[in-house]
Amino acid sequence: MAPELLFNEYKGVIIQMTKKNIIFLSVSLVLIILLGIGVSYSMWNVSVSQDTNNTAYTECFDLSLTNKENNISLNNAYPISNDKGKNLTPYTFTVTNTCDITAQYNINLEVSNNSTLSSKFIDVMFEGNINLLSSYDSTDKVNTSSIESRKLTTGILKSRESKDYSLRLWIDYNTTLEDLNNEIKSFKSRIVVVGKPINYTGDTVFDFDYTGGEQTFVASVSGTYKLETWGGMGGDASTAYTNVRGGVGGYSTGNVFLNSNDKLFINVGGRGLNISQSSLLAGGYNGGGAGGITSSTIYFQGGASGGGATHIAIKSGLLSSLEDDQKSILIVSGGGGASAYNGEDSAGSSGGGFKGNNGSSSGDWPSMFGIGATQENGGYDNDGKSNYGTFGKGSDLNEQQYGGNGGGGGYYGGGGTNRSHSGGGGGSGYIGNSLLTNKVMYCYNCEESSEESTKTISTTCNEATPTSYCAKKGNGYARITLVNIDE
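Start counting the sequence shown at 56; every next residue gets the next number (the numbering used here).
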C-alpha cells in the first residue's frame, strides 16, 4: 500500500499524521552456498559472502498546509441565496509539496461528531463550484471524531509546487424550520488533505494560447484531466466620439477521464476586430460574427466584429463544423458580442454560460440590439428578428449602408445587429457532454442556472490574463491540467 500523508486543519491548528509505510532499508544479503561432496562419508562445508550491501533508499515525501486565513464562523446563521453565499469571506489555504517525490492528493471536508446540522443543508463553494456538501463523493474518514467525509477535489503537485484554495460554507436557501425541527443546530467541519507519492515526472499543466488555428493535445497517462476554456472578446467601438468595450468571453470548466494517448482538439477563439467605418470586418476565429460597414460612412457610423468561441473536442474541426457530431464536443466557452459606437449603454454583450447576454442600445433606438444565444438556438437582431446566429457561429451584419455589429461565437452564436449604434449578442457556452464531471460555466453579469448540464454562475471578474472562474478580455485561451492518475 502506498504511503500516505494526512493533514487536518481546524480552527487554525494543524495536526500531522504520518503512516510510516516507507522504511529506510539497508540489508546485507548473505549468500550461503552449501557444497555437498561425498568422499568416503566425509562432508566439507564451504560458505562465501557477498562483498557489498543491497540497499534501497527513499526520498523525502511531505506536504504542508499553510497560509490559513479566515476560519469560517457563522453565528446566528440562516439560509441565504447563492448570490449572497459566494460573496462571503472565504477560508483560504495553500497545499505545498515540500519534498522530492510527486504527490497525488485529495482535499476532503470531514464533519465532526458534535455537528447537529446535516450536510444536505450545507452549501459549499469550492474551486468555483457551488454544490450541496452531500452531493460530493463520500470517502474514508481520517479522524476518529468525524462522522462523515466528503472529497472536494483531487490534484497532483510536483516537487516544490503549491496550489491555493478557498472554501465558503453557508446554509442552503431552501432549508426550512421544519428541516431543522425548529431547533438550534450547529455544523462543524475541518479540511483534511490526504496525499500519496506517485511515479510521475511529466508535465501536469498544458496551456493553449490563441494561434488562429487548431491545436492538439495527447494524454501522457491515463487519468482525470481538468479542462478550462475562455472565449474571445468582441471588438471595441473606438472613435473620436466614443470608446466602448466589446463583450468579454465566458469561462467553462469540467473534468474528463482520458486514456493514455487519447487526443483532444483545441480551437481557441480570437478577439473580434475593432470598429471600422469603411470596410467589413471578419469575426474572431472560431465563429465570431462579422461587422463593420460595406458602403457608407454616414454620421461616422460603422461596426465591429464578434469574438470567437473556444472549444475542446475529440474530433477535429471548427465548432460550426461539428453540428452533426455534437457528442464529440466536450466543452465550449462563448465569445462576446461586438460593441456599438455611441455611448457606454451600447457596449457589446458578454458571452458564455447557458445563455449569452443580450446586447444593448441607446438613444432613439432602444430596441435595436443583438439577442444572446441559448443552448438550442442562435441569437438574432431584436429589430426585425433577423441576423440569426447558428450552431457554432455568431451572426454577421447584413446592412449595406449603416453598418452593424457581429454576434459572439459559441455553442450557438449570438445575434448581430443592423445598426452600428447597437451591440451584438453573446454566444452561449456548453458543458452538457455526459463525459464531463465537476462542471460549471462563468459569465460576466449573466443569468444563472443550477441544472447540472447548464450550470452557470454570474461573475463580475474579467481579466486580460486567463484566470479561473473569471471572464476574459482579449483573445480566448484554453488550459488542460492533469489532476489524478489512474494507477
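Idealized CB from N, CA, C, for every residue including glycine.
Neighbour-count burial assignment, residue i, 16 or more Cβ in a 10 Å radius
i    : result
S315 : exposed
V197 : buried
A111 : exposed
A526 : buried
L232 : exposed
L452 : buried
S416 : buried
S244 : buried
T230 : buried
S405 : buried
K528 : buried
N237 : exposed
S422 : exposed
I88  : Residue confidence is low: I88 scores 30 on pLDDT, short of 50, so the model does not pin down where it sits. Its coordinate-derived value is still stated next. By the neighbour-count rule (16 or more Cβ atoms within 10 Å), I88 is not buried but exposed.
I426 : buried
L319 : buried
K494 : buried
L80  : Because L80 carries a pLDDT of 25, less than 50, the predicted location of this residue cannot be relied on, and the following value inherits that uncertainty. Per the 10 Å Cβ criterion, exposed.
R215 : exposed
G267 : exposed
N413 : buried
N130 : exposed
S401 : At S401 the pLDDT is 47, less than 50, meaning the model places this residue with poor confidence; the figure from the coordinates comes in the next sentence. Counting Cβ neighbours within 10 Å, S401 comes out buried, since at least 16 surround it.
T121 : exposed
L86  : Here the model assigns L86 a pLDDT of 30, short of 50, so the residue's position is not dependable, and the following value carries that caveat. L86 comes out exposed.
V101 : exposed
V273 : exposed
Reduced DSSP category for residue i - H, G, I as helix; E, B as strand; rest coil
i    : result
N109 : strand
T509 : helix
E216 : coil
G427 : coil
S371 : coil
G140 : helix
D438 : coil
K494 : strand
D379 : helix
K527 : strand
S416 : strand
S190 : helix
S167 : strand
K206 : strand
S174 : helix
G433 : coil
T284 : strand
Y133 : coil
N123 : Looking at the sequence provided, one finds Lys at residue 123 rather than Asn. If DSSP states are grouped into helix, strand and coil, K123 belongs with the strands.
I35  : An answer regarding residue 35 cannot be provided, because it is not within the stretch 56 to 542 covered by the chain.
R291 : The residue you asked about is not Arg; residue 291 is Asp in the sequence shown. Correct three-state label for D291: coil.
T149 : strand
E518 : strand
V249 : strand
H476 : coil
R300 : coil
Pick from the options that is closest to residue i, judged by C-alpha positions
i    : options                   : result
G464 : P521, G347, S375 and K206 : S375
G433 : G459, K175 and G471       : G471
D234 : P134, T153 and I330       : P134
S190 : G183, L336, F176 and E182 : F176
C154 : C115, T144 and D192       : C115
T144 : T365, E124, K528 and N530 : E124
L313 : D380, L490, G363 and G468 : L490
G257 : E542, L537 and D541       : L537
V248 : T271, T209, L224 and V276 : T209
T171 : K240, G427, E378 and G305 : K240
S535 : S504, T259 and V150       : Ser is not the amino acid found at residue 535; the sequence shown has Ile there. Closest by alpha carbon: T259.
G462 : G305, L118, V273 and G327 : G327
G49  : I226, G302 and G358       : Only positions 56 to 542 of the chain appear in the structure, and residue 49 is not among them; the question remains open.
A428 : K213, G305, F263 and N126 : G305
D117 : S441, D138, N152 and E182 : N152
E378 : D219, E431 and E518       : E431
Nearest-angstrom beta carbon gap, residue j and residue i [assumed within contact, 8 Å]
i    : j    : result
S360 : A345 : 5 Å
N460 : G392 : 7 Å
L222 : Y146 : 5 Å
N163 : S217 : That pair is no contact at about 19 Å.
S483 : K410 : 6 Å
G343 : G390 : 5 Å
Near the ligand FAD: residue i beta-carbon under 7 Å from a heavy atom
i    : result
D192 : Summarising the ligand content, the structure contains no ligands, and the ligand FAD is consequently not present.
Check whether the stretch 440-448 touches the stretch 494-514, taking contact to mean three or more Cβ pairs, one atom from each stretch, closer than 8 Å. The stretch 440-448 makes no contact with the stretch 494-514: fewer than 3 CB pairs, one atom from each, lie closer than 8 Å.
Below 8 Å, how does it come out for the stretch 268-281 and the stretch 379-396: are there three or more Cβ pairs, yes or no? Short answer: they don't touch.
Is the stretch 236-255 touching the stretch 157-172 in the sense that three or more CB pairs, one from each, lie closer than 8 Å? Short answer: they touch.
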